[in-house]
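Protein chains in written order, with our numbering: chain A, 220 to 754; chain B, 309 to 541. For every residue, glycine included, the Cβ atom is placed at its ideal position computed from N, Cα and C. If you're wondering where the values come from, they're calculated on a predicted model, not measured in any experiment. What follows is one structure encoded as structure tokens, with my remarks underneath.
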Amino acid sequence: MNRVIVIGAGGAGLVAALSAHENGAKVTVITKEYPTRSQTSMAQGGINAVLSDEGGDSVEAHIQNTLKSANGLADEKAVNFMCKEAPNVLKWLDGIGVPFSRTKESQIAQRKLGGAAAPRACYAQDYTGLKILHTLYDRCLEAGIEILNERYLLEFITSQDNNDKSYVCGVSVLNKRSGEVEVYEASSVIAATGGYSRVYHNYSTNSVSTTGDGVALAYRAGARLSDMEFIQFHPTALKNSSILISESARGAGGYLLNSKGERFVNELLPRDEVARAIDDEIAKGYDVFLDIRHLGTEFIENELPQEAKLAKLYENIDPSVELIPIKPAAHYTMGGIEVDEESSSSISGLFAVGECANHRVHGANRLGGNSLLELVVFGKQAGKSAARYADSFDKKVDLSEQKKSFEDKIAKIKEFSSEINFYEKQRELGELFYKNFGIKREKTAMGTLLNEVKEMKTALSKMGVSDKTKEYNTNLIEFLEFKNVLELSELILISAISREESRGAHFRVDFPSLDNEKFQAHTIIDRDGALSYED
Amino acid sequence: MKIDIERERVVCYELKTKNQTLLEALNDIKTTQDASLAYSSGCRSGVCGSCAVRVNGREVLACSYHIQDGDLVEPLNNAPVIRDLVVDMDRAYSFNAKAKAWQSGIVDDVLLSHEDEKLNEVQSDCILCGSCYSACPVYAQNSEFLGPFSLTRVWRYVSDKREQNKKEKIDNIQTNGVWDCTLCNACTLVCPQGISSKADIEKLRARSAMFGYIDPNFASFGFGGGFDGSPTF
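Pasting the structure below:
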């Protein structure tokens, strides 16, 4: 058997699936939604690649910008690899039919995003992620890759080899439609399950599905996690809904203004710096606005159509004549499942890619336009590694007992009393995180928050589901997601409390400077919760 | 404000907040009133295609529609209802594969101009929300009809310079495809992305004609009478 199972059908999952398929594996993609509904569809700004040295850009500059933004916490080798691969990635995406915007010279159009020395982000209007994702999906159909929809991951199933080393041998999922537990054997598994920004609940730009399931479950299966405290806040989310307004608006010359109508920061600094500057203005009691009026109606219609639509729909304003009210919101999680140079986690046969994984290319702060790039570069790598591993997988696997055991677990959860409404707690947690653990962090507040999280965890058995139906029970799925969110919340806080310095997206009011001597290292969490630092 | 939601029976819910999107209202109901309500959502911003439903008989994205007093919310048409507002989209999605809505091969160094890009810019905005299949009267009658979004997707590739085998794409959409559409335009009216599958189907018909295909409906009515193609009266 050389079956590779990919969990997640966003950009990373689909690239990994295509790559594993090309490398001879029998691939099954499993998603809790449908492919094309993932977080990738929301990526607007672009995908970074240096396509020519005209205009003074270079791969070296891309590398340096990425490293600078990462604040000393990226792996130089990994960043080198990613940036050098970028032109090939764009060639491939162009070759499979991604409808990128083009210049008058028939080149792929590029724009400047924050922290970049030159216009480097290739885009398709402000639908870059959407158009890449859909084209990848079409490729998967062409390749005949099996995709199983609406199945929620319950566990990465592991076993021990003769040397007591864990290896993955399958997954169990809850078929949302039938309510049945299903167990799938696999020679290797690729986690492409997305980030965990929904810890911030309504204060995140992300899809409601970005609940970090894969990260929490990989941890439960024994995988090491790293850099969990590094969570990027996007400077410009709509004030009321936290819906993202792309960085391309600032890249094109948009201003940030406070209530007095004054600019207060260079809008094109990396996201962590801009977000902090906005936070400062809000702390002074000002409202903050994005101003793109001067870009003109035609430009907005052509280059930022989605932005204009979202501003109208959710703030009821016309950005060509009015200011857009904004706030920073949790946007991207740099940390995740710790992987090596082959995209393998610390569990044999379990690979990870995309936002759920930490390939150490974003460090303490991701550069805009690098996440779409990362998912293609490392998606290809993860697919290849997983196929190769699957090919040499020779262990006998018997999962016949597994189904019953998961059914029992689900049945037990359904017996939890519902005296506390977990939705209320989820909202409360998001608010607490945003207010006490947002852009600025401090020891006492984090300690209090950690206690709250622990209390919520203890009270989970009183927060059960009121809906006991078997078929399509979203109440149950959302409870399981909340359980994962709570588990990750604790790990995020432990990591953040321990890092007594400020670096990139992790800003400590009580330790405002960088401490390279102690902390120029990755935070590692082992399965027993033990925290350590590694270069 | 009150809205009615079609579940096993129509259930009326009272909402306190005004000026909400339907998705916000559904979230309010789910988290504070009735946790058993089933619906799908994702991005909240109109790009993931998860939350299409019908309001007062018309397809909308719940995240992009502001509710009004007395609205009746129902699941999409022409798809099996799994529960409440959730329908099974597998069949509609399967037409993308049947229609071979992909680029035939991977190409190298085909230059596209700004004008080339504009040929399928709107078509490639499709989010596969399924509103068009819900509104399509042909699909309602003929469950084998390839349907609006998959045909739009075929046009997206056929209109692209990088597609090297346009004829094969066109050959594949002759049966239960372009000629079955009645050009009623219902799909266009409900598309949240401003795509007109009807117009794309017309373009595919024109392209089909270039490859020698003729409208079978037309052929069987007053045109192909004689064996030599001469009209009979």
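Check: Please identify the residue among A:Lys-659, A:Lys-251, A:Tyr-419, A:His-453 whose C-alpha is closest to the C-alpha of Leu-509 of chain A.; Outcome: A:His-453
Check: Compare the C-beta of Thr-667 of chain A with all C-beta atoms of chain B and state if any pair is closer than 8 Å.; Outcome: no
Check: Closer than 8 Å, CB to CB, is Ile-414 of chain B near chain A or not?; Outcome: yes
Check: Note the first and the last residue of the continuous alpha helix (DSSP H) segment covering Lys-673 of chain A.; Outcome: 662 to 677
Check: Helix, strand or coil: how does DSSP classify Phe-508 of chain A here?; Outcome: strand
Check: Identify each residue in the segment 307 to 321 of chain A for which the Cβ-Cβ distance to at least one residue of chain B is less than 9 Å, and report them in chain order.; Outcome: Lys-310, Trp-311, Asp-313, Gly-314, Ile-315, Gly-316, Val-317, Pro-318, Phe-319, Ser-320, Arg-321
Check: Can the beta-carbon of Cys-437 of chain B be found closer than 8 Å to that of Ser-505 of chain B?; Outcome: no
Check: Quick one: residues in its chain with C-beta nearer than 8 Å to the C-beta of Arg-461 of chain B, no 5 flanking neighbours on either side, listed in chain order?; Outcome: Asn-404, Ala-407, Ala-409, Gln-431, Cys-434
Check: Since Ser-426 of chain A meets chain B, which of its residues come closer than 7 Å, beta carbon to beta carbon?; Outcome: Gly-350, Cys-351, Cys-356
Check: Comparing the C-beta of Ala-409 of chain B with each C-beta of chain A, is any distance below 8 Å?; Outcome: yes
Check: Here's a check: name, in chain order, each residue in its chain whose Cβ is nearer than 8 Å to the Cβ of Lys-326 of chain B, leaving out the five neighbours to either side.; Outcome: Met-309
Check: Where Glu-560 of chain A and Val-308 of chain A are concerned, what is the direct C-alpha to C-alpha distance, given to the nearest angstrom?; Outcome: 18 Å
Check: Terminal residues of the continuous alpha helix (DSSP H) containing Val-298 of chain A?; Outcome: 295 to 315
Check: Nearest to Glu-466 of chain A by alpha carbon, out of A:Ile-545, A:Val-225, A:Val-427?; Outcome: A:Ile-545
Check: Any residues in the segment 451 to 462 of chain A with a beta carbon nearer than 8 Å to a beta carbon of chain B? Which ones, in chain order?; Outcome: Ser-460, Ile-462
Check: DSSP puts Thr-325 of chain B in a beta bridge; with which residues?; Outcome: Paired residue(s): none; Thr-325 of chain B is not in a bridge.
Check: Could you work out which residue in A:Glu-620, A:His-578, A:Met-675, A:Glu-720 is closest to Met-301 of chain A when comparing CA atoms only?; Outcome: A:His-578
Check: For Arg-256 of chain A, go through chain B and note every residue whose CB falls closer than 7 Å to its CB, in chain order.; Outcome: Gly-350, Cys-356, Gly-357, Ser-358
Check: Along chain A, which residues have their Cβ under 7 Å away from the Cβ of Tyr-321 of chain B?; Outcome: Under the 7 Å cutoff, chain A gives no residues; its nearest Cβ is about 16 Å from Tyr-321 of chain B.
Check: Taking all protein chains shown into account, decide if Ala-228 of chain A is buried (16 or more other Cβ within 10 angstroms of its Cβ) or exposed.; Outcome: buried
Check: Would you grab the beta carbon distance between Arg-718 of chain A and Glu-448 of chain A for me? Rounded to a whole angstrom, and I think it's under 8 Å.; Outcome: 6 Å
Check: Counting contacts by CB-CB distance shorter than 8 Å, is Val-684 of chain A in contact with chain B?; Outcome: yes
Check: Please return the same chain residues whose Cβ sits closer than 8 Å to the Cβ of Asn-584 of chain A, not counting the five positions on each side in sequence.; Outcome: Ser-288, Ala-289, Asn-290, Phe-449, Gln-451, Pro-489, Arg-490, Asp-491, Met-553, Gly-723, Ala-724
Check: Which partner residues of Val-466 of chain B appear in the DSSP bridge assignment?; Outcome: Note: Val-466 of chain B sits in no beta bridge, so no partner.
Check: Is DSSP giving Gly-532 of chain B helix, strand or coil here?; Outcome: Note that Gly-532 of chain B scores 46 on pLDDT, short of 50, meaning its location in the model is unreliable; the coordinates nonetheless yield the value given after this. Reduced to three states, the DSSP call for Gly-532 of chain B is coil.
Check: Of all Cβ atoms in chain A, is any one closer than 8 Å to the Cβ of Leu-419 of chain B?; Outcome: yes
Check: Report the residue ranges of all alpha helix (DSSP H) runs contained in full by the segment 346 to 419 of chain A; include only those spanning at least 4 residues, in chain order.; Outcome: 347 to 362
Check: Could you please give me the residues that DSSP links to Pro-454 of chain A through a beta bridge?; Outcome: Beta-bridge pairing links Pro-454 of chain A to no other residue.
Check: Would you check if the segment 329 to 349 of chain B and the segment 476 to 483 of chain B touch, i.e. whether three or more CB-CB distances between them fall below 8 Å?; Outcome: no
Check: For chain B, is any of its Cβ atoms less than 8 Å away from the one on Arg-417 of chain A?; Outcome: no
Check: I'd like to know whether the C-beta of Leu-436 of chain B is nearer than 8 Å to at least one C-beta of chain A.; Outcome: yes
Check: For the beta strand (DSSP E) containing Gly-649 of chain A, list its first residue and its last residue.; Outcome: Run containing Gly-649 of chain A: none in the beta strand (DSSP E); it sits in the alpha helix (DSSP H), 641 to 655.
Check: Would you list the one or two residues that DSSP bridges to Ala-576 of chain A?; Outcome: A:Ile-556
Check: Between Ser-385 of chain A and Val-402 of chain A, which are expected to be in contact by the criterion C-beta below 8 Å, what is the C-beta distance as a whole number of angstroms?; Outcome: Actually they do not touch by this definition, with Cβ atoms about 18 Å apart.
Check: Name the residue from A:Thr-424, A:Gln-258, A:Tyr-253 whose alpha carbon lies nearest to the alpha carbon of Glu-574 of chain A.; Outcome: A:Gln-258
Check: Would you please state the rounded distance, in angstroms, between the beta carbons of Glu-374 of chain A and Arg-396 of chain A? I believe it to be under 8 Å.; Outcome: In fact, because the Cβ distance is near 19 Å, the residues do not count as touching under 8 Å.
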